[in-house]
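See structure below.
See below:
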């Protein structure tokens, strides 16, 4: 679950989930939905993703940068993120999808990078939340 | 935050040592622009920049400053070449995002009736938006050559005319670029995007010269009223974005090693002379060269589009090409002594004055051309660097109008086809890959470019040369 946040020049999102793993999955889904329309992604292939970071914050930025590389570098539209390992400064996950198709996946924005600007990760009675700003 | 007015267009925020500031902040703005600037966090970000180790002179805020990440957009900071740091955040994700102005042999009266055909032809020939792959396939060693040689590679590969590379900042090629410091991921991300505009605020605009303000400088650029020109705004695409991502990740770790602490992780930095600093600069220069190659390839396909519409004898000549996201080693006079510094320009343009040895002979007596895009419904400006830039801003000036409205706010309550119709009624034909591409970049989302230029002109950073008006716009 996520919502878009305003920024003078760029764009951000707030994501929420009951668990920290769920939060990383929700943040990845948010990033994908900002880049393209995920509704028509067909889960043809599964891919493994991983990232490292010394804190939850840097792990989140590096994780989203990994997702962004698959979207923009490998031109792969991905969804259905499932984190299968999270801890010790590492994340490993699986996602499914297919090669990007300009017509079916309706490109929305080019995201240049994931920033540390006003980056927040927190926990409350309902679970975990984060706020992330993207350079577009 | 205490802001002291120095005069009508200059403001100073004193150095707060308790906050860790190593320098003051100097803001170039009118009272009205300052009021808008204070609505976001850009001045706080300029204060954070003043905390960079080895900063020389004040942290500088150009009149188009607005909130960015780490550095404000419209921020300039020079650091000591021997003792100071380099910060990838002071360059940004879009390394060597820049603007090139191309003059044509077509006049406004000849272009108006064909503007739809021209825009549609360019839209077909030069990919823009989030989906497009470029018209040029570039592999392995050829990509490395482009990273080393920039626009000069593109010209030699057949994407341009010999004089093109001469009329660009650094002649379209930063020396000491190191393709080996650019990751495979960055190369994979950028490789298919050569010759593409991208999205966001990037664009290609067909404009005409509305009014000449400096006849001598306009003559040196061979600009005259009523002439059609093209302004191209884009950068190093995914390759530069990934270089920034890669080095930001590395520098977070390295900062600890060098005992550097800063209030914003996005300002991550390392000593210039450290292995990490030198690696970043090698990769950044390579990405900058990719951006120059990109804008050069776009010019080549633009020539094709113009000739298809206006005939094979149509001339398109490069006036100049400037970058506004870069860090460069330069020599400046600081408190009476020449000093080697690394000038970070994040959303700021180099503006060297007349007589500077870096300038091509054609502009040696007028000053370096500077291009400041406004918005798609208003105006853009051609300036030349003036002597005040060397004494006040390390040879820098503004780069645009500066946003004042978020993308979400710009879209609220507006309809893309209505915006398009309104602009068409004003004589501006717009095409974009997406509806959002039009809505997010509406003229109202930007500050008044004329006021930004007035500040640059009145403070002696640059001089007005010509005001340009759009008639055709291609947005990503």
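Chains as they are written, first to last, in the working numbering: chain L, 1 to 136; chain Z, 1 to 476.
Cβ coordinates follow ideal geometry from the N, Cα and C atoms, glycine included.
Owing to the predicted nature of the structure, the values given are computational and were not obtained by experimental measurement.
Under the three-state DSSP convention, the category residue i falls into
i, result
"residue 457 (chain Z)", "helix"
"residue 203 (chain Z)", "strand"
"residue 107 (chain L)", "strand"
"residue 208 (chain Z)", "strand"
"residue 245 (chain Z)", "helix"
"residue 104 (chain Z)", "strand"
"residue 337 (chain Z)", "strand"
"residue 397 (chain Z)", "strand"
"residue 364 (chain Z)", "coil"
"residue 429 (chain Z)", "strand"
"residue 257 (chain Z)", "helix"
"residue 113 (chain Z)", "helix"
"residue 273 (chain Z)", "coil"
"residue 196 (chain Z)", "coil"
"residue 418 (chain Z)", "helix"
"residue 475 (chain Z)", "strand"
"residue 117 (chain L)", "coil"
"residue 352 (chain Z)", "coil"
"residue 182 (chain Z)", "coil"
"residue 133 (chain Z)", "coil"
"residue 88 (chain Z)", "helix"
"residue 176 (chain Z)", "coil"
"residue 227 (chain Z)", "strand"
"residue 213 (chain Z)", "coil"
"residue 98 (chain Z)", "strand"
"residue 388 (chain Z)", "helix"
"residue 371 (chain Z)", "strand"
"residue 124 (chain Z)", "helix"
"residue 342 (chain Z)", "strand"
"residue 464 (chain Z)", "strand"
"residue 90 (chain L)", "strand"
"residue 163 (chain Z)", "coil"
"residue 135 (chain L)", "strand"
"residue 222 (chain Z)", "coil"
Residue i vs residue j beta-carbon contact at 8 angstroms
i, j, result
"residue 462 (chain Z)", "residue 435 (chain Z)", "no"
"residue 268 (chain Z)", "residue 31 (chain Z)", "no"
"residue 95 (chain Z)", "residue 288 (chain Z)", "yes"
"residue 106 (chain Z)", "residue 341 (chain Z)", "no"
"residue 470 (chain Z)", "residue 206 (chain Z)", "yes"
"residue 285 (chain Z)", "residue 164 (chain Z)", "no"
"residue 68 (chain L)", "residue 111 (chain L)", "yes"
"residue 423 (chain Z)", "residue 367 (chain Z)", "no"
"residue 383 (chain Z)", "residue 465 (chain Z)", "yes"
"residue 458 (chain Z)", "residue 381 (chain Z)", "no"
"residue 321 (chain Z)", "residue 172 (chain Z)", "yes"
"residue 136 (chain Z)", "residue 195 (chain Z)", "yes"
"residue 460 (chain Z)", "residue 388 (chain Z)", "yes"
"residue 15 (chain Z)", "residue 29 (chain Z)", "no"
"residue 103 (chain L)", "residue 34 (chain L)", "no"
"residue 81 (chain L)", "residue 93 (chain L)", "yes"
"residue 450 (chain Z)", "residue 102 (chain Z)", "no"
"residue 497 (chain Z)", "residue 290 (chain Z)", "This structure does not reach residue 497 (chain Z), given that chain Z is present from 1 up to 476, and the question cannot be answered."
"residue 73 (chain L)", "residue 238 (chain Z)", "yes"
"residue 343 (chain Z)", "residue 398 (chain Z)", "no"
Counterpart residues of residue i in DSSP-defined beta bridges
i, result
"residue 470 (chain Z)", "Z:207"
"residue 129 (chain L)", "L:16 and L:122"
"residue 137 (chain L)", "Chain L is shown only over 1 to 136; residue 137 (chain L) falls outside these bounds and no answer can be derived."
"residue 446 (chain Z)", "Z:403"
"residue 233 (chain Z)", "Z:99 and Z:203"
"residue 382 (chain Z)", "Z:371 and Z:466"
"residue 85 (chain L)", "L:92"
(request) Using a Cβ-Cβ cut-off of less than 8 angstroms, list which residues of the stretch 59-70 of chain Z approach chain L; keep chain order. (result) Within the stretch 59-70 of chain Z, the residues whose Cβ lies closer than 8 angstroms to some Cβ of chain L are 66, 67, 68, 69 and 70, listed in chain order.
(message) Going residue by residue through the stretch 1-85 of chain Z, where are the continuous alpha helix (DSSP H) segments of at least 4 residues, counting only ones entirely within it?
(response) Listed in chain order, the complete alpha helix (DSSP H) runs (minimum 4 residues) inside the stretch 1-85 of chain Z are 31-37 and 42-49.
(message) Ignoring anything shorter than 4 residues, give me the alpha helix (DSSP H) runs that lie fully in the stretch 1-78 of chain L, in order along the chain.
(response) Counting only runs of at least 4 residues, the stretch 1-78 of chain L fully encloses the following alpha helix (DSSP H) elements, listed from N- to C-terminal order: 20-35 and 56-72.
(message) I'd like the ranges of any beta strand (DSSP E) spanning at least 3 consecutive residues and lying wholly in the stretch 305-335 of chain Z.
(response) List check, beta strand (DSSP E) in window: 316-323 and 325-334.
(request) Can you give me, in chain order, the residues of the stretch 419-437 of chain Z that have a beta carbon less than 8 angstroms from any beta carbon in chain L? (result) So the list reads 433, 434 and 436, given in the order they occur along the chain.
(message) Under 7 angstroms, CB to CB, which of the residues in the stretch 106-125 of chain L have a partner in chain Z?
(response) Only 107, 108, 109, 110, 112, 113, 115, 116 and 117 from the stretch 106-125 of chain L bring a Cβ to less than 7 angstroms from some Cβ of chain Z.
(message) By the 8 angstroms beta-carbon criterion, what residues does the stretch 402-415 of chain Z contribute toward chain L?
(response) From the stretch 402-415 of chain Z, only 403, 404, 405, 406, 407, 408 and 409 have a Cβ closer than 8 angstroms to chain L.
(message) By the 8 angstroms beta-carbon criterion, what residues does the stretch 90-106 of chain Z contribute toward chain L?
(response) Residues passing the 8 angstroms Cβ filter: 92, 93 and 94.
(request) Could you run through the stretch 67-89 of chain L and flag, in chain order, every residue whose CB is less than 9 angstroms away from some CB of chain Z? (result) Within the stretch 67-89 of chain L, the qualifying residues are 68, 69, 72, 73, 74 and 75.
(request) Could you please tell me which residues of the stretch 23-39 of chain L, in chain order, have their CB closer than 8 angstroms to any CB of chain Z? (result) Taking 8 angstroms as the Cβ-Cβ cut-off against chain Z, the residues of the stretch 23-39 of chain L that qualify are 35 and 36.
(request) Compile a chain-ordered list of the residues in the stretch 34-61 of chain Z whose CB is closer than 7 angstroms to at least one CB of chain L. (result) Against chain L - using a Cβ distance shorter than 7 angstroms - the residues of the stretch 34-61 of chain Z are 40.
(request) Give the residues from the stretch 183-200 of chain Z that approach chain L closer than 7 angstroms (Cβ to any Cβ), ordered along the chain. (result) Listed by position along the chain: 185, 188, 189, 198, 199 and 200.
(request) Mind checking the stretch 40-52 of chain L against chain Z and listing, in chain order, the residues whose C-beta falls within less than 8 angstroms of any C-beta there? (result) If the cut-off is 8 angstroms between Cβ atoms, the stretch 40-52 of chain L has nothing near chain Z.
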